[in-house]
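Residue numbers (my numbering): 26 to 333. Virtual Cβ for every residue (Gly too), placed ideally from N, Cα, C. In what follows, a structure is listed as structure tokens, so that the remarks can point back to it.
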Amino acid sequence: MQQKIMETGLKIGLRLSFKLASGLALPFPVLRTAMEVGSTIFKPRADVWVKQIKLRDALDQRIVFAEVATPENEAQGVLLHCHGGAFFAGSSRTHRALSTEFAARGGVKVYMLDYRRAPEHPYPAALEDVKSVYQHLLNDGWKPEQIILGGDSGGCALALALAVELKSVGDALPAGIVMISPYVDISLSSASVYNNAKRDPMIRAYALKRGGDGYRGQLACNDPRISPIFADLSGLPPMLIQAGSEEILVDDASHLAERAQQSGVQVSLHVYENMWHNFQMFNRFIHKSEQALDEIGSFIQKVLIKEK
């Protein structure tokens with residue numbers, strides 16, 4: 026009963042804050058600031074060390090900023106996570122608490138990069154930044170089989186697009202991919218985008234469309250480079266996909282899992298009942314968030330052990 030009351034209270038609060046803001050045509054800097062302020066309710070773990078770093082791209086000398094979360098015990102691998110925010114918002118700061126949870130539960134270092142955001146920097150800017158950090162990890166001595174790619178919301182499109190590109194050029198692939206509430210279809214063609222519009226307390230399709238349009242530039246919405254659900258997924262590493270049953274992107278998660286399975290990819294899909302977009306961030310308040318984070322930690326450990 027106490028959990029039900031907590032969930033209901035959170036949903037009311039989210040509707041009056043995150044969802045309300047996501048439906049307004051506010052300037053992108055205002056929305057970014059609102060997300061930064063709102064994320065202060067999420068507290069990082071005290072047993073994980075977080076530091077800010079800056080990396081220089083080897084080709085064009087571009088600087089990419091990131092935060093690295095390091096667990097107490099020796100890291101067995103590294104998670105390169107692309108934060109969500111519909112391509113236009115979010116940062117390593119808004120996702121710092123989540124980063125520390127991944128590090129502690131997965132026993133890995135977590136690189137949460139601050140990629141360039143739309144609409145000021147349309148495709149391929151963000152993906153280029155992700156590739157730069159991935160190459161840095163390789164140059165730093167990490168092997169592909171010690172690396173997991175991850176993302177939440179729009180960050181899933183970046184993580185999945187990188188995996189597809191690595192495969193297309195014949196490079197060794199990472200050990201696995203973790204995707205939370207995947208926004209991997211910028212065309213917003215899934216039925217749940219409309220069917221769950223009132224149920225999802227976190228986000229509106231309007232915000233996703235604004236962000237997606239800013240990110241895609243001149244590309245079509247169904248171009249697999251920006252909507253990787255339409256890409257050739259065959260040959261990709263194991264995936265863990267999580268979503269909430271009430272979120273507008275739950276069908277994206279199901280369709281992605283189905284397409285990956287049909288392509289021969291090992292996929293674990295878990296849709297958590299009565300949960301919303303990116304509910305994993307609320308683990309201080311609800312048990313299902315804890316369960317989802319534990320599942321992510323177990324998946325990370327499993328694929329790393331398998332690749333040894």
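Excluding sequence positions up to five away, which residues of its chain have a Cβ less than 7 Å from the Cβ of Val103?
Cβ within range, chain order: Val133, Lys134, Tyr136, Leu162, Trp167, Gln171, Ile172.
Which of the three DSSP states, helix, strand or coil, is assigned to Arg121?
Three-state result, Arg121: helix.
Contact between the stretch 261 to 278 and the stretch 219 to 229 is defined here as three or more beta-carbon pairs at a separation below 8 Å; is this criterion met?
They touch, by the three-pair rule.
Start and end of the beta strand (DSSP E) containing Lys79?
Its beta strand (DSSP E) spans residues 73 to 81.
Can you tell which of Ile325, Glu298, Phe324, Ser178 has the C-alpha that lies nearest to the C-alpha of His312?
The option with the nearest alpha carbon to His312 is Glu298.
With three or more beta-carbon pairs closer than 8 Å as the criterion, would you say the stretch 178 to 188 touches the stretch 207 to 214?
Yes, since at least three Cβ pairs between the stretch 178 to 188 and the stretch 207 to 214 fall closer than 8 Å, the two stretches touch.
Measure the alpha-carbon distance for Ile78 versus Phe90 and round it to whole angstroms.
Going by C-alpha positions, Ile78 is about 6 Å away from Phe90.
In the DSSP assignment, the beta strand (DSSP E) including His106 goes from what residue to what residue?
Per DSSP, His106 belongs to the beta strand (DSSP E) from 103 to 107.
Start and end residues, alpha helix (DSSP H) containing Gly289
Unbroken run through Gly289: none, as it is neither H nor E.
For Asp177, name the three-state secondary structure that DSSP assigns.
In this structure, Asp177 counts as strand in the three-state DSSP scheme.
Go ahead and pull the three-state DSSP assignment for Lys168.
In this structure, Lys168 counts as coil in the three-state DSSP scheme.
Is Gly179 close to chain B, meaning its C-beta is less than 8 Å from at least one C-beta of that chain?
Absent here is chain B; the protein component of the structure consists of one chain.
Got a sec? Which residues, its chain only, sit under 7 Å from Leu281 by beta carbon, not counting five neighbours each side?
So the list reads Pro207, Val209, Ile254, Ile266, once near-sequence residues are dropped.
Taking all protein chains shown into account, decide if Asn303 is buried (16 or more other Cβ within 10 angstroms of its Cβ) or exposed.
Classification of Asn303: buried, given that the 10 Å Cβ count is 16 or more.
In angstroms, rounded to a whole number, what distance separates the CA positions of Ala197 and Leu233?
Separation of Ala197 and Leu233 (C-alpha to C-alpha, rounded to the nearest whole angstrom) is 32 Å.
Provide the residue(s) that pair with Gln268 in DSSP beta bridges, ordered along the chain.
Note that residue 268 is Ala in the sequence shown here, rather than Gln. Answer is Val296, bridged to Ala268.
Relative to the alpha-carbon of Leu258, which residue among Glu283, Leu138, Gly236, Ile88 has its alpha-carbon at the smallest distance?
Looking at the Cα atoms, Glu283 is the closest of the given residues.
Shortest alpha-carbon distance to Gln160 belongs to which of Tyr148, Pro147, Leu174?
Here the closest residue by C-alpha is Leu174.
Let's see if you can read the secondary structure: which residues bound the alpha helix (DSSP H) around Thr33?
Boundaries of the alpha helix (DSSP H) around Thr33: 27 to 39.
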